[in-house]
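Residue numbers for the sequence shown follow the working numbering, beginning at 333 and rising by one. Every residue, glycine too, gets a C-beta built ideally from N, C-alpha and C. Notes to accompany the following structure.
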Amino acid sequence: MQKMLCAALRYTARSARLCSSYVKETRFLFELKENDDACRQALKSGSFYLFHNLSPLVHKSGNGFYAPAVSGTDLMQVLSSCGKEKVNLEDSILVGCSDSSIAKFALDVGSFEKSALEQKFPGKFTDIRSAVVKIDGEDGSLLSRAQSLLRWHDMHQYCSKSGKPTQKNVSGSKRVCPSNGIIYYPQVS
């Protein structure tokens with residue numbers, strides 16, 4: 333009886349830790365989505381998943397595939413060496429966070445030469461449909477979410493009421509029309 337009670341307590345403690353880490357991550361993401369200054373700070377230490385015209389960067393490792401995450405510093409160095417003007421990391425979209433509260437962003441670098449980027453970063457830019465099937469773990473759902481958000485922002489650059497350009501907040505969780513204050517949120521399904 334005592335062994336069963338101890339096992340039940342261990343199980344309860346383990347599930348409480350899992351629940352508390354989930355709550356911690358959810359609160360962290362909420363803070364980044366609602367506070368532009370906090371999101372700007374997270375951009376400095378965050379990791380970035382790269383897309384080229386909505387095709388994710390995917391790398392083969394051993395028997396499986398994964399989406400390589402690049403630090404903001406490394407990303408800026410590589411992109412500046414490709415000869416383009418400075419890229420604004422605020423063009424990225426917040427797509428999640430790690431267990432250690434490191435923000436994960438997605439950035440479409442379609443204005444750069446695809447072959448030059450594939451030489452600098454590990455992997456190849458692959459069609460999303462084939463990439464999601466190949467990828468192991470949670471990277472597949474993260475890439476799908478990232479691509480859908482990037483596409484949504486690309487398709488909703490103008491206000492449907494006034495026709496004026498909308499502005500993305502830093503995290504990419506919404507777009508706002510500055511002329512009439514209408515807020516547009518991506519559809520979640």
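Is DSSP giving residue i helix, strand or coil here?
i: F444; result: coil
i: L386; result: coil
i: I460; result: helix
i: C509; result: coil
i: A435; result: strand
i: G404; result: helix
Under DSSP, the alpha helix (DSSP H) around residue i begins and ends at which residues?
i: H485; result: 471–487
Starting from the C-beta of residue i, find all residues in its chain whose C-beta is less than 6 Å away, skip the five residues before and the five after it, and write them out in chain order.
i: S433; result: F360
i: A374; result: L364, A435
i: S511; result: S494, K496
So that I know if they touch, is there some Cβ in chain B lying closer than 8 Å to that of residue i?
i: K436; result: Reference to chain B is not applicable here, since this structure consists of a single protein chain.
List the endpoints of the continuous beta strand (DSSP E) containing residue i.
i: I522; result: In this structure the chain extends from 333 to 521, so residue 522 is not present and cannot be described.
In chain order, what residues of the same chain have a beta carbon less than 8 Å from the beta carbon of residue i, not counting five sequence neighbours either side?
i: A281; result: Any question about residue 281 goes unanswered here, given that the chain covers just 333 to 521.
i: V427; result: Y381, K436, F437, A438, L474, R477, A478, L481
Might you give, ordered along the chain, the residues of its own chain that have their beta carbon closer than 7 Å to the beta carbon of residue i, omitting 5 neighbours on each side?
i: Y516; result: H488, T498, K506, R507
Suppose you measure from the CA of residue i to the CA of residue j; what does that come to, to the nearest Å?
i: S352; j: E470; result: 20 Å
i: V520; j: W484; result: 11 Å
i: C429; j: E357; result: 7 Å
i: D431; j: V355; result: 11 Å
Nearest to residue i by CA position, among the options, is which residue?
i: C371; options: I425, V410, K496; result: I425
i: N501; options: T358, V355, E357, E366; result: E366
i: V419; options: F444, L386, K392; result: F444
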